[in-house]
Every structure is written in structure tokens, then in C-alpha cells.
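Each position in the sequence shown, counted from 1, maps to that position plus 1143 in the numbering used here.
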Amino acid sequence: MTEFLPLPAPSRWRVPLGLALLVLMAVVLVLVFQLALLRPAIVYRIQDRVLEVKGGSGLLGNHRRIKLESLTEITEVTLGRGRRVAGTGMPGFCAGRFSYDGIGSVWQVTDCSRRVLLLRVTGEERPVLLTPPNRAELAQALRDGREGDFSPPPRPQSTGWAAFTTAMPLLMLVLTAYVAAAFFMAPRKLRYRVGSGHLEVQLLLTRREFQLTGARARRHSPGRVWKVAGTALPGYLAGIFSAGGTMTRVYASTSSEEGVLLECKRRVFVTPADVPAFLDALQREGVTLVG
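Written out as C-alpha cells, the structure is:
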């Protein structure tokens, strides 16, 4: 088979954009690993006339220390409809800023149940919500200044959540590796091979093969294309794109330069560096040249 290199398509944005995207994905990956490793323990502890509230750990952790003298209200309430504003919300663990009908914005470390212990603190606009196993006991201990640990027992992970937190880090790790390879390796891997009645396109991870029997080919400039499915990066386009309103398989280094449109069972657009030699190779395989 005769091999053809793609048209060079240097881009000054490819490396900076790739590095920026990798940094962003690395941050997301760290957060995903934190979520996977998180065992959402809730701690309510009174010591030295200070209520310590902890939920989670690491980047997803929430921690407050509240002096008992600053408490102005200790009430059991039932929450209405609410939403998470900033924080963590997962089965059996809700920590951070939330908002509820009738109460407004709150800060909470709870097991997400509706019946809660509401604390109002001097000088703070947002009340604090807690869900100890015995709400009345903790409320009385706060009023009396009695020391003790009023934390709920650790909640076992559900099977579904355990599967999710196992799969997500692996998926993100694979996605990050693919993005790195696509930005920095894919443009160098792209190749076209013509022979044995086929056009073979070498991509980053796979090969695509198209039968040339009865095919037609012509020089073509698709102009602006829109990705439908696949990869679209500087110097590497691979997948299904809409070109001029027609679905086209694009395996190219650029869509702004002239390439070759092959019309066989599918429309295929490629950008070989040597278009005349590529067309000659197609013609030797029985492809009809148009135009």
C-alpha cells in the first residue's frame, strides 16, 4: 500500500490549549478521586464550651467551631423544599451551603433528612443545620454546656454509590490520558494508505477502512464544518461532521484547506499533503476522478 502524510497544519494554539485543558482535567480528576475516597463521616462534638462540626475530609471537607455563648436559638424544625448552593450533596451526606423554603440560606452538615436541629449564631446570617441521632439530647447539651460526642454512626455506602465512585475515577483517568494523547500525538499519527482496493486511514487509536470499488474522488474545500460525533482538535479532525449540510466522515488535519472528497458508500474527506499523487493512487485503484 502507498502511504501519504497529511497536510501540515501548524497551530500556535494547540500546545497552550492542550496544556490548559490538561490542567483543568487534572483538577477535576483530583476532585473525583477525593469524592471516591470520601467516607462522609459526620462529627458533632462539644468540648471546652465549643461545638465542633465536621463533615467529610480534604477538598470536600466542611468544618465549623461554634462557641456555645454565641448560640441564640436551638430549635427542631422540618425542612421544606431545598436546593444545594455550594457544597457536597450525596446519598446520606449533605454539607455546605443550601437553601430551603421558609428558612432561606443555611450552612449544614447533615444526613440529608428533613427533620433537623437548627442553630442560630450571633453575628451570622445563615443558621446551622445538624442531624444528630438524638436531636433533643444534643439540644439540651448545648443549653447546659455538657461535653460529649453526639456524632451519628458511619453510614454504609450503597452498592450503586460504591460502583459510581469506583467507575468515575477510572473514566476520568482514561479521558485525561486520551485528551493528552489527542492533543500531542494524534496529529503525528494521522496517515492515509491506498492499495488493495481500499483507502485506509490511520487514527490515534484505530484504523478506518473504505472500499474504493465504484468510488468517485475530487478536490474539495469543505469550509466550515460542524462536529456531530468524534474529535475536533487543532491539527486533528476525526469523526462525523456536517459539511455544507451533508454528513461527512472527516479524517483531516484541517478543514480550511483543499483536500480530497471521496464518495463511495460514505462521503469521506481527507487532507493528504500531496493531493495529485494521492489522486493518482486512487485512480490506479479504479476510482473515478471528477473535475
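For glycine and all other residues, C-beta sits at the position ideal for the given N, C-alpha and C.
Nearest to residue 1357 by alpha-carbon distance, out of 1219, 1271, 1406, 1315, is 1406.
Taking a cut-off of 8 angstroms for Cβ pairs, the stretch 1357 to 1369 and the stretch 1385 to 1405 touch, as three or more such pairs fall below it.
Remark: fewer than three beta-carbon pairs, one from each stretch, lie closer than 8 angstroms, so the stretch 1232 to 1250 and the stretch 1162 to 1177 are not flagged as touching. Beta bridge pairing from DSSP links residue 1253 with 1237. The beta-carbon distance between residue 1337 and residue 1425, rounded to whole angstroms, is 6 angstroms. This is short enough to meet the 8 angstroms contact definition. Beta-bridge annotation (DSSP): residue 1390 is paired with 1385. Residue 1240 is a Cβ neighbour of residue 1228, given a cutoff of 7 angstroms. Ranked by how close their Cα comes to the Cα of residue 1375, the residues 1359, 1207, 1347, 1351 have 1347 in first place. The shortest CA-to-CA distance from residue 1351 to any of 1328, 1413, 1292, 1398 is the one to 1413. Within the stretch 1355 to 1426, the complete beta strand (DSSP E) runs of at least 3 residues fall at 1359 to 1363, 1368 to 1376, 1379 to 1386, 1389 to 1395, 1402 to 1406, 1410 to 1413.
Annotated as proximal: residue 1396 and residue 1149, with beta-carbon spacing under 7 angstroms.
Restricting attention to 1216, 1427, 1225, the CA atom closest to the CA of residue 1266 is found in 1216. Secondary structure of residue 1326 (DSSP, three-state): helix. About 5 angstroms separates the beta carbon of residue 1254 from that of residue 1274, a gap short enough to meet the 8 angstroms contact definition. With distances taken between CA atoms, residue 1190 lies nearest to 1212 out of 1212, 1205, 1429, 1271. In the three-state reduction of the DSSP assignment, residue 1289 falls in the coil class, being assigned neither a helical nor a strand state. Straight-line spacing of the CA atoms in residue 1226 and residue 1410 works out to 48 angstroms. If you draw a straight line from the Cα of residue 1288 to the Cα of residue 1192, it is about 6 angstroms long.
Secondary structure at residue 1224: coil, using DSSP grouped into helix, strand and coil. Just so you know, the alpha carbons of residue 1277 and residue 1187 end up roughly 12 angstroms apart. Assignment of residue 1148 by DSSP, reduced to helix, strand and coil, places it in the coil class. A distance below 6 angstroms between beta-carbons, with the five flanking residues on each side excluded, links residue 1290 to the following residues of its chain, in chain order: 1189, 1190.
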